[in-house]
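Residue numbers (my numbering): 8 to 336. Even for Gly, the Cβ is constructed at its ideal location relative to N, Cα and C. Scroll down for the structure; my scribbles are underneath it.
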């Protein structure tokens with residue numbers, strides 16, 4: 008049986024999850040090929056990749072949102088169409104898709120089933136929390152970006168059948184957690200200067216900022232800025248007082264698993280992150296709208312509180328993979 012596992016390469020979360028899913032798939036009685044598309048990730052996976060494509064990446068801006076202008080110009084529709092039309096999905100018995108557009112649209116055009124195994128699949132289910140503010144375009148993009156025929160989803164809670172608690176990678180499960188003197192920060196949609204201008208005003212706090220825009224370790228007042236590496240990021244989170252991050256899925260889920268204080272700033276104009284923020288807020292996690300001076304008092308208040316959200320994220324990834332394979336092969 009030939010299986011194609013297609014992974015979105017925008018951001019780090021999809022690839023982080025794949026690093027746990029791939030070895031499970033490799034143990035099964037299948038021939039596995041891996042596809043990665045996208046250009047915005049900071050990490051790699053240590054497995055042979057059969058197809059590495061440009062795909063359709065959302066480009067992170069530096070002011071708290073997606074840079075739609077750069078996203079548009081990077082799209083290059085002719086190249087994307089060529090990638091979709093030339094991908095031989097018909098040669099596979101099963102296509103598993105983690106919000107990856109090339110394989111999803113190739114399957115749709117060739118009328119082949121495509122099975123979603125992603126967080127985005129769970130965001131769209133009726134019982135998952137949604138933001139109060141309507142966003143018809145954002146909802147449409149989330150629905151049409153990587154269309155699939157069947158969905159298995161991951162979310163902060165198992166909101167309904169077919170939705171499972173997060174895949175917590177083994178690096179996080181095995182990390183030795185303790186409470187140090189710093190806070191870990193990961194806000195990839197903000198430029199470093201903006202982060203420094205706000206956090207430096209909270210002088211009594213030590214911040215460890217992980218940056219997409221910085222290639223070496225630098226220090227500014229009470230803030231250390233460093234490039235993103237998996238080992239350093241996991242260590243920083245595990246030994247932190249708390250984690251300040253965007254409204255993605257994997258980092259908040261890992262923070263909750265580690266029983267760390269969490270403060271979330273969802274990206275502007277990114278419907279998925281607004282949905283994540285709504286779900287986290289329902290769980291009791293504080294959410295602020297933007298990294299601005301008027302929210303400094305909220306950040307200070309968060310550093311002075313000690314609220315930990317209790318979650319149960321068992322290691323059930325292999326059970327989910329077995330269920331998917333049994334139901335679709």
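With at least 16 other beta carbons inside 10 angstroms of its own, residue 104 counts as buried. Counting the other CB atoms within 10 Å of its CB gives residue 88 a total below 16, which places it among the exposed residues. The DSSP assignment places 177 to 180 and 199 to 206 as complete runs of the alpha helix (DSSP H) inside the stretch 166 to 229, in order along the chain (cut-off: 4 residues).
Residue 94: not part of any beta strand (DSSP E); DSSP gives it neither H nor E. Of the candidates 135, 129, 136 and 96, 96 places its Cα closest to the Cα of residue 118. Going by C-alpha positions, residue 268 is about 4 Å away from residue 249.
In this structure, residue 167 lies near residue 132, with their beta-carbon atoms less than 9 Å apart.
Spanning the alpha carbons of residue 302 and residue 316 requires a straight line of approximately 22 Å. In this structure, the straight-line span from the alpha carbon of residue 210 to that of residue 304 is close to 13 Å. Rounded to whole angstroms, the separation of the alpha carbons of residue 279 and residue 107 is 15 Å. Going by beta carbons, residue 32 and residue 159 fall outside the 9 Å limit.
Secondary structure of residue 264 (DSSP, three-state): helix. Per the coordinates, the alpha-carbon of residue 282 lies some 33 Å from the alpha-carbon of residue 99. Around the beta carbon of residue 291, fewer than 16 other beta carbons lie within 10 angstroms, which makes this residue exposed. Under the three-state reduction of DSSP, residue 99 is assigned to coil, being neither helix nor strand. Contact check for residue 195 and residue 157: beta-carbon distance about 31 Å, past the 8 Å limit, so the pair fails to qualify. Here residue 246 carries a coil assignment [DSSP, helix/strand/coil].
If only complete runs of 4 or more residues are kept, the stretch 116 to 172 shows the alpha helix (DSSP H) at 126 to 130 and 143 to 151, in order along the chain. Here DSSP, grouped into helix, strand and coil, assigns residue 323 to coil.
Residue 214 is positioned such that its CB atom lies closer than 9 Å to that of residue 192. When the alpha-carbon of residue 221 is set against those of 229, 233, 228 and 227, the nearest one is in 233. Each of 307, 299 and 161 was checked against the Cα of residue 260, and the nearest Cα belongs to 161. In the DSSP assignment, residue 302 falls outside any beta strand (DSSP E) and carries neither an H nor an E. Residue range 38 to 44 is occupied by the beta strand (DSSP E) that includes residue 39. Around the Cβ of residue 236, a 10 Å sphere holds fewer than 16 other Cβ atoms; the residue is exposed.
Annotated as proximal: residue 60 and residue 90, with beta-carbon spacing under 9 Å.
Taking 8 Å as the upper bound for CB-CB distance, residue 110 and residue 206 are not in contact here, some 40 Å apart. For residue 94 and residue 17, the gap between their C-alpha atoms comes out near 19 Å.
Leaving aside the five residues that flank residue 184 on each side, the residues in its chain whose CB is nearer than 6 Å to its CB run, in chain order, 245 and 265.
Residue 329 sits in a helix when the DSSP states are folded into three classes. Nearest Cα to residue 54 within the set 63, 45 and 40: 40. Of 8, 165, 293 and 231, the smallest CA-CA separation from residue 199 is found for 231.
Residue pairing by DSSP puts residue 105 in a beta bridge opposite 14.
Taking a contact as a CB-CB distance under 8 Å, the pair residue 136 and residue 286 counts as one, their CB atoms being some 4 Å apart.
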